[in-house]
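Taking it in order: structure first as structure tokens, then the write-up.
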Amino acid sequence: MAKIDRGFVEYKHRQRFNSNWSLNSRFTQASDKHYFEDFGNNIYATSQAYLYSFMTINGFGNNWRFNGKLNDYQIISENISLDAQPYQTLPRLDFSWFNNNNASTLNYGVDSQWAYFYRENSLTSMRLDVTPFVEKTFLNRFSRFTPKLAYRYTNWDYNEQRYSTIDELQTQRSLPIVSLDYAINFEKQFSDGSLSSIEPRLYYLYAPFRNQQNIPLFDTHNLTFGSSLLYQSNAFTGADRQSDANQLSVGITQRHFDAKGNEKWNFLVGQINYFADRKVQLNNSIETRSTSPIITEFNYFYRNWKASASVHWDTDLNQSERALLKFQYKGKNNSLFNFAYRFRQGKIEQLDTSVVLPIGQNNRFIARWNYAIDAHSTIEAIAGIEHKNCCWATRLVARRFVVNEEGDINNGIFFELQLNGLGAIGRNPRRLLKQSILGYSEEF
């Protein structure tokens with residue numbers, strides 16, 4: 013049998029040239045499509061469809077921002093069709109300019125992007141997206157009101173039409189976008205010096221319908237619905253779709269701070285009310301519901317504890333659409349406890365718990381259990397022990413994990429001997445532990 017060399021390369025580089033310019037890059041390459049199925053660290057690695065490489069250059073000044081990006085993908089899944097494969101951007105250039113006035117004066121500027129999208133044996137395109145805007149914020153002691161007017165112009169120049177049904181060499185889209193953002197802030201100071209604030213917020217958005225069914229999708233997807241989407245002007249990533257809108261978001265945020273100004277907890281509830289059907293969808297359907305799910309989020313901070321909970325409640329179906337519950341404790345010597353419950357209607361229901369427990373001064377016990385309630389199966393189980401002293405460290409970790417989307421199981425043993433200042437011998441489990449256990453640190 014012929015010998016086959018297999019491997020995975022990852023290179024990362026960050027550099028700051030001066031106070032205004034920086035570079036960030038990452039290169040990844042696997043020897044073959046089945047490498048991660050055989051050697052992947054977790055279910056997310058073994059089930060990924062492609063490897064992502066990029067290089068970005070960032071710059072900024074008093075009234076401008078620039079981002080230049082090149083990205084590439086190595087397809088490592090046998091099950092991803094050509095149409096589902098991502099496009100390379102060669103390059104994508106983002107530039108924003110804005111006048112440098114304070115919040116209470118008239119502000120104006122422009123956001124722009126130029127990108128070239130390439131994918132082998134596919135339609136390619138150059139895309140220009142330009143959005144000039146003007147806004148003014150009216151402030152007083154208790155409230156803030158910001159009307160904003162923007163005009164979005166997008167142009168696509170196509171190549172390789174033989175791979176598409178598109179006849180035109182060029183497509184254009186333009187539309188105005190109007191938003192009215194109003195918030196009131198109520199504060200109360202308590203006798204112990206703590207402070208509580210309540211902020212009701214109204215956000216009205218209007219964008220007229222433009223037929224975009226003939227425009228291909230190069231980098232555009234639906235944004236995951238969450239609290240940030242309550243106050244955004246587009247429901248999609250990328251510029252290939254601009255959502256039509258006639259809607260009002262209603263939200264209330266409450267925060268509580270201790271006497272030193274540290275935030276102790278916050279709570280948010282919000283919902284979008286739609287006054288018209290949404291015709292711009294990725295699947296060319298029409299969204300007719302009159303309200304979004306109700307979003308509730310709660311975060312609590314107490315000494316070494318953090319807790320958070322969120323629920324998306326579907327008022328049409330009278331059921332929870334999505335839920336998340338998380339606890340984390342960080343103690344001395346980087347001791348750690350995590351617990352999470354994740355739920356998404358009809359898709360996932362999982363428990364995830366992990367612990368890093370000191371045993372004496374130089375030893376730690378490590379464990380993680382990720383369990384799929386809906387499938388009655390373990391996604392990943394990890395157990396191990398670490399020893400560290402002034403001169404060397406050793407780690408022994410065992411794991412059982414799902415290899416692929418079909419549910420095949422694999423087992424692995426990691427053993428590493430690390431000599432301080434000289435390197436390490438063995439199979440390194442540190443990257444696995446950092447990926448699998450939120451907040452894990454090598455130091456203790």
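Per our numbering, the very first residue in the sequence shown carries number 13; after that it's consecutive. Backbone N, C-alpha and C define an ideal beta-carbon position, used for all residues, glycine too.
Query, Result
"Check whether N246 and F287 have beta carbons under 8 angstroms apart", "no"
"Nearest to F198 (by Cα), restricted to the options Y175, T236, N152 and N423", "N152"
"Beta-ladder partner(s) of S186, from DSSP", "Y165"
"Continuous alpha helix (DSSP H) stretch holding L445: start and end", "R442 to S448"
"Helix, strand or coil at L141 [DSSP, three-state]", "The displayed chain sequence assigns Asp, not Leu, to residue 141. In the structure shown, D141 sits in a strand (DSSP, three-state: E or B)."
"Meets three-Cβ-pair contact criterion under 8 angstroms: the region 105–116 and the region 85–93", "no"
"Buried or exposed (CB count within 10 angstroms, at least 16 for buried), W168", "buried"
"Backbone secondary structure at Y56 - three-state DSSP", "Residue placement at Y56 cannot be trusted, given a pLDDT of 48 that sits under 50; what the coordinates show is reported in the next sentence. Helix."
"CB-CB length for R253 against V292, believed under 8 angstroms", "6 angstroms"
"Selection from N75, R38, K45 and N74 that minimises the alpha carbon distance to M67", "R38"
"Between the CA atoms of N401 and S240 - distance to the nearest angstrom", "46 angstroms"
"Residue from F339, T390, E172 and K148 whose Cα sits closest to the Cα of Y130", "E172"
"Proximity below 8 angstroms, CB of Y62 to CB of P103", "no"
"Local conformation of R18 per DSSP, three classes", "coil"
"Rounded separation between S448 and A219 - CA only", "42 angstroms"
"Closest residue to Q125 among E147, T101 and Y314 (Cα-Cα distance)", "T101"
"CA-to-CA distance, E147 to Q60, given in whole angstroms", "42 angstroms"
"Any 3 or more C-beta pairs closer than 8 angstroms across the region 228–243 and the region 199–210", "no"
"Close Cβ partners of F78 (< 6 angstroms) along its chain, the five nearest in sequence each way excluded", "G71 and F107"
"Beta-carbon proximity check, Q27 vs S34, cutoff 8 angstroms", "yes"
"Any non-hydrogen atom of the ligand PLP within 7 angstroms of A352 CB", "Although the ligand PLP was asked about, the structure shown includes no ligands whatsoever."
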